[in-house]
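Visitor: Residue numbers (this note's numbering): 24 to 376.
Each residue gets a CB set at the ideal place from its N, CA and C atoms; glycine is no exception.
I have a structure here, written as structure tokens, and I will follow up with some questions on it.
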Amino acid sequence: MDHASRLDRLIAARERPLLVSSLINIRYLTGFTGTAAWLLVSPQRCLFVTDGRYGELATELAAGLRGTDVEVFTTGMLDALAGLIGDAPDVDVEAEHVTWAFLTSIQDKVPGTLHPSTGVVERHRMVKDDDEVAALTAAATAGDAAFSAIAGLAAAAASENELGEALIAAMRNAGGERADWPPIVATGPNAARPHHQTGARAIGNGLLLVDYGCTVDGYHSDMTRTVWLDGAPDTELLRLHRAVAESNQAGIAAVRPGATGHDVDEACRAVLRRYELEEAFLHSTGHGVGLQIHEAPSARRHSEDVLEPGQVITVEPGAYLPGVGGVRIEDMVLVTDEGHRVLTESPRDLVGA
Ligand code: ZN
Ligand code: ZN
């Protein structure tokens, strides 16, 4: 991963120092995967602060980052940070990633003013570079590999929980790391709850909704498929599935540079409206995926996020009927210069071939 270019881009865009506290943002900018660090990114340079446990790692990483001084502190990180901020008159802090206690402690130690800022590094993270796209694609491919084994995995699993574990194992075998969220495995009427808490219910022969993913190099995959395991599916569910599958395809077709998150959402919603199922669509259409499972941009009603080549978003319409069941189909879609490329390739049919 080319962290140096990312850091250079951020440094070039700064007019005053930014104190980066989010470990995800620090990972994005430096490759650091430890649990304690701060970055002070100034218009001319960047200072990397971490504690004694990660000194060696930080020094190693900093060697690949142009213009980065690494300061390693085994004690007194707050004093160290305050020293680095020095007498800078204005410093931006990541409002969404600091605690009140941290903020007041730093403010007590520096003469300048701390300003809340939001989404600075996150905006850089929205557009993925080639290495990031490769990692996201590999994660999506591991998800696909797990799905291709789903019939066998479901037959061998006694419960939703067991199938969830089997999906994780299958993704690991295919090169995925474990994601930081457990798979959603919902059977029968449980599928009517969009974020069903996977439990002890037996898999059975009927409706099965799986929403899961893994990471590769820290980058997430996220996909959902809804299948009917055995026999003839219920007619109501067939109709639900047809509507959601069409909605998913309409949403994917709307993904292109210049389209907004609202446009993608509306493309999905229009199909469900036609089937009189818009009321049964209980969540937004999609979200960006990267080092976090949910990140910018968003595909939802009123989203003004404008899609750009290099962004990766999910398209995941669903329809849920209490007592009957639910259907969701979720794909990861890369925005390309020409339009889009779908990263998750598993079949979307209700009944397997
Ligand atoms: Zn998902
Ligand atoms: Zn999702």
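1) Is the region 280-289 touching the region 310-323 in the sense that three or more CB pairs, one from each, lie closer than 8 Å?
2) Select from 273, 288 and 239 the residue whose C-alpha is nearest the C-alpha of residue 154.
3) Can you name, in chain order, every residue of its own chain whose Cβ lies under 6 Å from the Cβ of residue 139, other than the five neighbours on each side?
4) Is residue 28 helix, strand or coil by DSSP?
5) Within the structure, which residues are defined as neighbours of ligand 2 by a Cβ-heavy atom distance below 6 Å, reported in chain order?
6) Taking the straight line between their C-alpha atoms, what separation do you get for residue 344 and residue 303?
7) Would you grab the beta carbon distance between residue 246 and residue 369 for me? Rounded to a whole angstrom, and I think it's under 8 Å.
8) Using a Cβ distance threshold of 8 Å, determine whether the region 93-110 contacts the region 57-76, with at least three qualifying pairs required.
9) I'd like to confirm the pairing. Which residues does DSSP put opposite residue 150 in its beta bridges?
10) Taking the alpha carbon of residue 268 as the point to measure from, which residue in 352, 298, 316 and 98 has its own alpha carbon closest?
11) So for residue 76, helix, strand or coil by DSSP?
12) Taking residue 214 as part of the beta strand (DSSP E), name the residues at either end of that continuous run.
13) Ignore the nearest five residues each way along the sequence and tell me which others in residue 27's own chain have a CB closer than 7 Å to its CB.
14) In angstroms, rounded to a whole number, what distance separates the CA positions of residue 198 and residue 130?
15) Spatial neighbours of residue 241 within its chain, please: CB distance less than 6 Å, with the 5 preceding and 5 following residues excluded, ordered by chain position.
16) Pull up the CB-CB distance for residue 274 and residue 221, whole angstroms please, since I reckon it's below 8 Å.
17) Using the Cβ count rule (16 or more neighbours within 10 Å means buried), how would you classify residue 166?
18) Quick one: residues in its chain with C-beta nearer than 6 Å to the C-beta of residue 371, no 5 flanking neighbours on either side, listed in chain order?
19) Compute the minimum distance between the beta carbon of residue 14 and the heavy atoms of ligand 1, and state whether it is under 6 Å.
20) What is the DSSP secondary structure of residue 343, reduced to helix, strand or coil?
21) Quick one: measure Cβ to Cβ for residue 217 and residue 187, integer angstroms, because I've assumed they're closer than 8 Å.
22) On the CB-based measure, 16 or more other CB atoms within 10 Å of its CB, does residue 181 come out buried or exposed?
Guide: Let me lay it out:
1) Output reads yes: the region 280-289 touches the region 310-323.
2) Against the sequence shown, residue 154 aligns to sequence position 131. The residue with the shortest Cα to Cα distance from residue 154 is 239.
3) For the purposes of this step, residue 139 is taken as residue 116 along the sequence shown, with counting starting at 1. The residues are 118.
4) Mapped onto the sequence shown, residue 28 falls at position 5. The three-state secondary structure of residue 28, taken from DSSP, is helix.
5) Going by the Cβ distance cut-off, the answer is 245, 310, 337, 339 and 353.
6) Reading the sequence shown from its first residue, position 321 is the one you call residue 344. Reading the sequence shown from its first residue, position 280 is the one you call residue 303. Distance between the alpha carbons of residue 344 and residue 303 is about 6 Å.
7) Within the sequence shown, the letter at position 223 stands for residue 246. Within the sequence shown, the letter at position 346 stands for residue 369. Between residue 246 and residue 369, the beta carbon gap of about 7 Å places them in contact (Cβ cut-off 8 Å).
8) Yes, the region 93-110 is in contact with the region 57-76.
9) Along the sequence shown, one-based indexing puts residue 150 at 127. According to DSSP, residue 150 bridges with nothing at all.
10) Your numbering for residue 268 matches position 245 in the sequence shown. Measuring C-alpha to C-alpha distances from residue 268 to each of 352, 298, 316 and 98 identifies 352 as the nearest.
11) Taking the sequence shown and counting its residues from 1, the one referred to as residue 76 is at position 53. Looking at residue 76 - three-state DSSP - the assignment turns out to be helix.
12) On the sequence shown, residue 214 is found 191 positions in, with the first residue counted as 1. No beta strand (DSSP E) holds residue 214; DSSP gives it neither H nor E.
13) The count along the sequence shown starts at 1 and reaches residue 27 at position 4. Result list for residue 27: 87, 88 and 89, in chain order.
14) Counting from one through the sequence shown, the residue named residue 198 turns up at place 175. Counting from one through the sequence shown, the residue named residue 130 turns up at place 107. Rounded to whole angstroms, residue 198 to residue 130 spans 45 Å at the Cα level.
15) Position 218 of the sequence shown holds residue 241. For residue 241, where only same-chain residues beyond five positions count, the Cβ hits under 6 Å are 314.
16) Locating residue 274 in the sequence shown gives position 251, where the first residue counts as 1. Locating residue 221 in the sequence shown gives position 198, where the first residue counts as 1. Actually they do not touch by this definition, with Cβ atoms about 26 Å apart.
17) What you label residue 166 is simply residue 143 of the sequence shown in a count that begins at 1. Counting C-beta atoms within 10 angstroms of its own C-beta, residue 166 has 16 or more neighbours from the protein chains shown and is therefore classed as buried.
18) The residue you call residue 371 lines up with position 348 of the sequence shown. Closer than 6 Å at the Cβ level, and outside the excluded window around residue 371, lie 268 and 352.
19) Summary: the structure shown does not reach residue 14, with the chain confined to residues 24 through 376, and so no result is reported for it.
20) Stepping through the sequence shown from its first residue, residue 343 is reached at position 320. Of the three classes helix, strand and coil, the one that applies to residue 343 here is strand, per DSSP.
21) Walking along the sequence shown from the start, residue 217 turns up at place 194. Walking along the sequence shown from the start, residue 187 turns up at place 164. About 16 Å; that fails the 8 Å criterion.
22) Sequence index remark: in the sequence shown, residue 181 carries index 158 (1-based). Answer is exposed; the Cβ neighbour count stays below 16.
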